[in-house]
Amino acid sequence: MTFYYDIKNKESIISYAKNLEGKSISEKFKVGELNQKYEAKGYFGQLVERIYFGIQNNSRPEPDFLDVGMELKTSPLKMNGKNRFLSKERLVLGIINYPDLPNQEFESSDFWRKNSSLLLIFYLYEKEKIPFDFIIKIVGEWGFASDDFEIIKKDWLHIKNMVNEGRAHELSEGQTYYLGACTKGANSKSLREQPKSKVMAMQRAFSFKQGYVNHIIASLAARSGINDYSKYGKLIDKSEDLKSLSIDEIVKNRFSPYIGKNVRDVFNLLGLDYESSSKSKWSQMTNAILKVELGKGIEEFEKAEITIRTVRIGKNNYPKEAISFPAFKYQEFADSEWDDSTYSSQIEKRFMFVFIKHVGNDLILNSVGFWSMPISDLEECRQVWDKIKNLVVLGKVFKELDSNGRRVTYFSDIRSNVAHVRPHGRDAEDCYPLPVPDVATGATSYTKHSFWLNKEYVRESIFNRI
DNA sequence: GCATGATCATGC
DNA sequence: GCATGATCATGC
19 MTFYYDIKNK ESIISYAKNL EGKSISEKFK VGELNQKYEA KGYFGQLVER
69 IYFGIQNNSR PEPDFLDVGM ELKTSPLKMN GKNRFLSKER LVLGIINYPD
119 LPNQEFESSD FWRKNSSLLL IFYLYEKEKI PFDFIIKIVG EWGFASDDFE
169 IIKKDWLHIK NMVNEGRAHE LSEGQTYYLG ACTKGANSKS LREQPKSKVM
219 AMQRAFSFKQ GYVNHIIASL AARSGINDYS KYGKLIDKSE DLKSLSIDEI
269 VKNRFSPYIG KNVRDVFNLL GLDYESSSKS KWSQMTNAIL KVELGKGIEE
319 FEKAEITIRT VRIGKNNYPK EAISFPAFKY QEFADSEWDD STYSSQIEKR
369 FMFVFIKHVG NDLILNSVGF WSMPISDLEE CRQVWDKIKN LVVLGKVFKE
419 LDSNGRRVTY FSDIRSNVAH VRPHGRDAED CYPLPVPDVA TGATSYTKHS
469 FWLNKEYVRE SIFNRI
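Position 325 of the first sequence, counted from 1, bears residue number 343 in my numbering, the numbering being contiguous throughout.
Structure, rendered in structure tokens:
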């Protein structure tokens, strides 16, 4: 079989790949190629490699186009409400080889040799279609701009250091920025040996976070003229050298002139209105301190999927409030497991906390820092989630009426050292449907609820450690 | 004084 | 018009 590209010429390969834009595999080839395996996960990528590029499926450590050092990757897109393409998932870039990793240097590592230049083929995933009919929307080559390179290299080093310290079993995605160590395997029971500890560690792969892939998509789409690349505010300006500073340090440096100051004075210094009753004034303050235009997303944080939370601290370093997550849909408990639940993906992210402390009658900007939940606490969150799921799918929402004739929920009995569950809607009438009607009352919907991090937990495990 | 339930203010 | 982060209210 002849292929219409020059295997030793990068531009030739890219322009051949670009012919796929706007088309599906079945439009390019006769459907006679169909076989029964088409439902298998990852099959689309195999199709493109084998049928379009004539590459035998492999799991070699070298890039697919060896002569030009470029790796071929296919990845699914979804549409958001505004007709913009978003990544459907993270982009997985190869299993982390725990035994070898401590002996590698980044520039000559397996990871960088294989992935430093990516030929990306993004297709629109549509549930009702077979992979042959998925439409390829965006094709392009992705190298790494210098800022991204430095951040990805630091992420890689973090992962390597964890393995080198015998802590591969403590790795989680929230510890790094763009390059994550995502779980890889049938479930979280896929365990591997690690070189510096006897503890078995979950199998993990290097992967770009969904937020980083979104940035790649927006950037490639803009190159192809498919849609505009919406501008974010950037945290890092040219004068700062990412070779010596991490994102953590850059953020701490920006905050340091304001730490310990009265929040009213901070607002005045920044030209912001402290009297505003807006609850978004805290995010305005953060943007202003970070020197990012107000009302804009922070590019580096969007790529790293960092969640910013502002927390007021009262006497005894006790948080004024617990920390909430978005209300959950009861139906989701019937449809998913922990590993693919919305809550698990929210709680595994990296967080930036801004702590504001009440001292006498003053509010002081106390501290700022990054945080991700330790694996052992994630396990507690999982248990809380499992218990709520169990109640919801059994239709056990309400207990019998209490002595005052009020309906009491089973949900408030479920509280661990880390998290609990509480109402979270516009008011008590703000409901989501239940997958199973409540056994005690017959109710088919219930007030929106969400998971909350306990105040005690916020104090001990976040505030006291930042 | 905290746990629990309820609700606000805004931006998209 | 609703989802979300932030905050208020009350009874034990």
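All residues carry an ideal CB built from backbone N, CA and C; glycine is no exception.
| Query | Result |
| --- | --- |
| Whether residue 315 touches residue 251 by CB criterion (8 Å) | yes |
| Integer Cβ distance of residue 285 from residue 303, believed to fall under 8 Å | 7 Å |
| Continuous beta strand (DSSP E) stretch holding residue 386: start and end | 380 to 389 |
| beta-carbon residue 225 near the ligand SAH non-hydrogen atom, thresh 7 Å | Among the components of this structure there are no ligands whatsoever, and the ligand SAH is therefore not found. |
| Buried versus exposed, by CB contacts within 10 Å (16 or more), residue 274 | exposed |
| Sufficient close CB pairs (3 or more, under 8 Å) joining the stretch 24 to 40 to the stretch 102 to 117 | no |
| Which listed residue (93, 177 and 482) has its alpha carbon closest to that of residue 139 | 93 |
| C-beta atoms of residue 326 and residue 342 nearer than 8 Å | no |
| Neighbour-count burial assignment, residue 158, 16 or more Cβ in a 10 Å radius | buried |
| Range covered by the beta strand (DSSP E) that runs through residue 237 | That residue, residue 237, is in no beta strand (DSSP E); its alpha helix (DSSP H) goes 228 to 241. |
| Identified DSSP bridge partners for residue 304 | Answer by DSSP bridge pairing: none, since residue 304 is not bridged. |
| For residue 160, the nearest candidate out of 98, 194 and 231 (CA to CA) | 231 |
| Same chain, Cβ closer than 7 Å to residue 312, five either side skipped, listed in chain order | 302, 305 and 306 |
| Simplified DSSP assignment, three categories, for residue 213 | coil |
| Closest residue to residue 435 among 479, 451 and 455 (Cα-Cα distance) | 479 |
| For residue 400, the first and last residue of its enclosing alpha helix (DSSP H) | 393 to 412 |
| Segments assigned alpha helix (DSSP H), at least 4 residues, entirely inside the stretch 263 to 334 | 265 to 273, 281 to 288, 299 to 307 and 317 to 322 |
| Straight-line gap, residue 255 to residue 470 (C-alpha atoms, nearest Å) | 36 Å |
| Burial state of residue 482 (16 or more Cβ within 10 Å) | exposed |
| Buried/exposed call for residue 329, threshold 16 Cβ in 10 Å | buried |
| DSSP-derived helix/strand/coil call for residue 32 | helix |
| Start-to-end residues for the alpha helix (DSSP H) that takes in residue 178 | 164 to 182 |
| Distance between residue 372 and residue 476 (C-alpha atoms, nearest Å) | 12 Å |
| Cβ neighbour criterion (16 or more within 10 Å) applied to residue 186 | buried |
| Coarse secondary structure for residue 208, derived from DSSP in three states | coil |
| Nearest to residue 446 (by Cα), restricted to the options 454, 143, 429 and 466 | 466 |
| Contact belief for residue 453 with residue 345 at Cβ below 8 Å, rounded distance in angstroms | With 8 Å as the limit, residue 453 and residue 345 do not qualify as a contact, their Cβ atoms being about 15 Å apart. |
| Minimum C-alpha distance to residue 243 - residue among 309, 125 and 156 | 156 |
| Coil, strand or helix - residue 66 by DSSP | helix |
| Residue of 22, 63, 418 and 432 minimising C-alpha distance to residue 400 | 432 |
| For residue 406, the nearest candidate out of 473, 354 and 228 (CA to CA) | 354 |
| Straight-line Cα distance separating residue 350 from residue 461 | 18 Å |
| Residue 72 in three-state terms, based on DSSP | coil |
| Beta-carbon separation (whole angstroms), residue 428 vs residue 450, contact threshold 8 Å | Contact flag wrong, Cβ pair sits at about 16 Å. |
| Residue 131, DSSP secondary structure in three states | helix |
| Continuous beta strand (DSSP E) stretch holding residue 141: start and end | 136 to 142 |
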